[in-house]
Amino acid sequence: MSKEYDEKTATGIDLESFSHDVSIAEQESLDEELVVQKEILEDEGSAIKYRNCSWQKTSMLLATEYICLAAMSFPWSFSVLGLIPGLILTLGIAATTIYTGTIIGDYCLKYPKMQNICDIGQHLFWGKKWAYWATAVCFILNNSMIQALHVLVGAKYLNTLSDHGTCTISFSVITTFVCFIFALPRTFHNMSYLSLFAAATMFIAMVLCIVFAGIQEHPDEWDPTVPIEWNLWPAQGTTYVDGMNAMLNILFTLAGQITYPSFIAEMRNPKDFRKALYLVGAFEIILYCIAGSVIYVMVGNNYIASPAFGVLSRKWKFISFSFTIPTIIILGSLFGNITCQFIFFKIFDSKSAHRRSHTTKGWGIWIFITIASWILAFIIAQVIPFFGDLLSLMSSLFACWFGYVFWGVAYMRLKQAKYKGQYNSFKELYFLLTGKEKLQYWVSWFIIAIGVYLIGPGTYSAVESIRLNYAARLYGDVFTCANNGI
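Under the working numbering, the first residue of the sequence shown is numbered 8, with each subsequent residue one higher.
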């Protein structure tokens, strides 16, 4: 990265005045390495540095995203789907996540001014403003619901630990406040070490849950007349809604692509993103398959719970569940940080002193945005007070786009850019592709089809499950003091 540059590159584009509203043609003519080099050099003279993450630190961020509480829904998903379909779906969804992750990495290398998923959304859909803002709404809602999930689980933990020592709303307020404090750092570089700690303690919690499920005399709420049974295939009577929700729980945990562009935008060498992706991807596949299958087989269909800590007897539950505290706080804070950074960057552009220095106004706006984001998360947690179905709802509403449709389209856009000027139709473009690219072309259409399917039947299943469970009085009321411990 030793290229010289002045205020205007050889392409004639003024990098100093570059904004994310420039045309697609202009963005495609930018020199990728030049843009990254310029941002790193700008950081050198700034108090707050953004292009400062190595691939190792990016691995830490990805690890805390994937070694998370949602992984403890896998035993329940396997109990609904059966062990073999559960493992097959886990491997298949993980493979698509890693594959689409490589597309995201390539896309961000090709267009290095893409700072987040919203920039990519606009770029994918013909540079239209509506595409940017539609993506932004979904992006903020997705992250806010993940923040809410952590508020909900934090209240569950405090209720479990204290045996419902006070009103659940109070526990939610406590969790929200602590998450807000940990969301205050303004760069992912500063969040990376906290993320590693959260991933490590969550890994310990999962291992302890597996071990304790094996050594305890019997599962929680054990009935001697009800045997421990497990199935290789779905049990008789399993409905479409049941199966779809179980699959959506798995998909939610694995479909974390929404954060990738934000992480890549802070890497000193974005080409190294694949190292982080492959490392964390391999680890998560092994962990999910072992945790899901072993806990399910140990506990069986009749005693399964989501999250799986609920299958443990009281003593073991307290020990293993307590190791999730860093993940409850730090992963929730990370998603809050991602949302707040997106909004903050819309208020202050890259040349603003408030963005790159420690100014009173900059920190005041940052704190205000962070407070607002956690108030929204608190409200969502009180209105949607359930774990498994909340995961399913988020999968169907957001993972369809951010996990599938976007990246099938992104592959097409990359090939259009590669063969630009050599074709007049998609048919002509197809015949320009190499054999490998043709295979990837059809894989991309398959990925788009999965996303479209999730939008319709997936959303129906999630909403129907919520309706049925409310009708059966399996959930508490909104803004309730009732015990939600496990």
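Every residue, glycine too, gets a C-beta built ideally from N, C-alpha and C.
Less than 7 Å between the beta carbons of residue i and residue j, yes or no?
i: residue 107; j: residue 283; result: no
i: residue 101; j: residue 261; result: yes
i: residue 468; j: residue 248; result: yes
i: residue 258; j: residue 406; result: yes
i: residue 191; j: residue 91; result: no
i: residue 381; j: residue 183; result: yes
i: residue 438; j: residue 265; result: no
i: residue 473; j: residue 396; result: yes
i: residue 250; j: residue 85; result: no
i: residue 211; j: residue 301; result: no
i: residue 253; j: residue 41; result: no
i: residue 73; j: residue 273; result: no
i: residue 71; j: residue 205; result: yes
i: residue 411; j: residue 354; result: no
i: residue 313; j: residue 215; result: no
i: residue 224; j: residue 307; result: no
i: residue 488; j: residue 176; result: yes
i: residue 171; j: residue 476; result: no
i: residue 400; j: residue 77; result: no
My output table needs one value for residue i: the three-state DSSP class, helix, strand or coil.
i: residue 60; result: strand
i: residue 274; result: strand
i: residue 291; result: helix
i: residue 319; result: coil
i: residue 396; result: helix
i: residue 240; result: coil
i: residue 364; result: coil
i: residue 74; result: coil
i: residue 494; result: One cannot answer for residue 494 here, as it falls past the ends of the chain, which runs 8 to 493.
i: residue 491; result: coil
i: residue 284; result: helix
i: residue 440; result: coil
i: residue 228; result: coil
i: residue 172; result: coil
i: residue 279; result: helix
i: residue 120; result: coil
i: residue 84; result: helix
Quick check on residue i: buried or exposed, where buried means 16 or more other Cβ atoms within 10 Å of its Cβ?
i: residue 30; result: Reliability of the predicted coordinates at residue 30 is poor, the pLDDT of 47 falling under 50, and the value obtained from them is presented with this limitation in mind. That one is exposed.
i: residue 365; result: exposed
i: residue 13; result: With a pLDDT of only 38 at residue 13, under 50, the local geometry of the prediction cannot be trusted, and the value read off the model is given with reservation. Classification of residue 13: exposed, given that the 10 Å Cβ count is below 16.
i: residue 96; result: buried
i: residue 256; result: buried
i: residue 442; result: exposed
i: residue 228; result: exposed
i: residue 432; result: exposed
i: residue 98; result: exposed
i: residue 478; result: exposed
i: residue 179; result: buried
i: residue 463; result: exposed
i: residue 126; result: buried
i: residue 202; result: buried
i: residue 460; result: exposed
i: residue 270; result: buried
i: residue 231; result: exposed
i: residue 348; result: buried
i: residue 486; result: exposed
i: residue 390; result: exposed
i: residue 480; result: exposed
i: residue 287; result: buried
i: residue 291; result: buried
i: residue 122; result: buried
i: residue 221; result: exposed
i: residue 277; result: buried
i: residue 451; result: buried
i: residue 83; result: buried
How far does the alpha helix (DSSP H) with residue i in it extend, from its first residue to its last?
i: residue 114; result: 90 to 117
i: residue 314; result: Careful: residue 314 lies outside any alpha helix (DSSP H) and carries neither H nor E.
i: residue 500; result: No information on residue 500 is available, as it lies outside the stretch 8 to 493 that the chain covers here.
i: residue 406; result: Segment: none, residue 406 is in no alpha helix (DSSP H) and carries neither H nor E.
i: residue 127; result: 124 to 131
i: residue 412; result: Counting along the chain, residue 412 falls outside any alpha helix (DSSP H), and DSSP gives it neither H nor E.
i: residue 353; result: 332 to 354
i: residue 215; result: 195 to 222
i: residue 254; result: 247 to 261
The ligand ZN heavy atoms versus the CB of residue i: any closer than 6 Å?
i: residue 292; result: This structure lacks the ligand ZN, and indeed carries no ligand of any kind.
Taking 7 Å as the CB-CB limit, is residue i close to chain C?
i: residue 373; result: The structure shown has no chain C; it contains just one protein chain.
query = If we count Cβ pairs, one from each stretch, closer than 8 Å, do we get three or more for the region 332 to 349 versus the region 147 to 162?
reply = yes
Inset, instruction - Check whether the region 191 to 208 touches the region 66 to 73, taking contact to mean three or more Cβ pairs, one atom from each stretch, closer than 8 Å. - result: yes
*Is it a yes or a no for the region 122 to 132 touching the region 141 to 153, going by three-plus beta-carbon pairs under 8 Å?*
yes
message = When you compare the region 307 to 327 with the region 106 to 125, are there three or more beta-carbon pairs, one atom per stretch, that lie closer than 8 Å?
response = no
The region 145 to 156 contacting the region 341 to 358, beta-carbon criterion three pairs below 8 Å | yes
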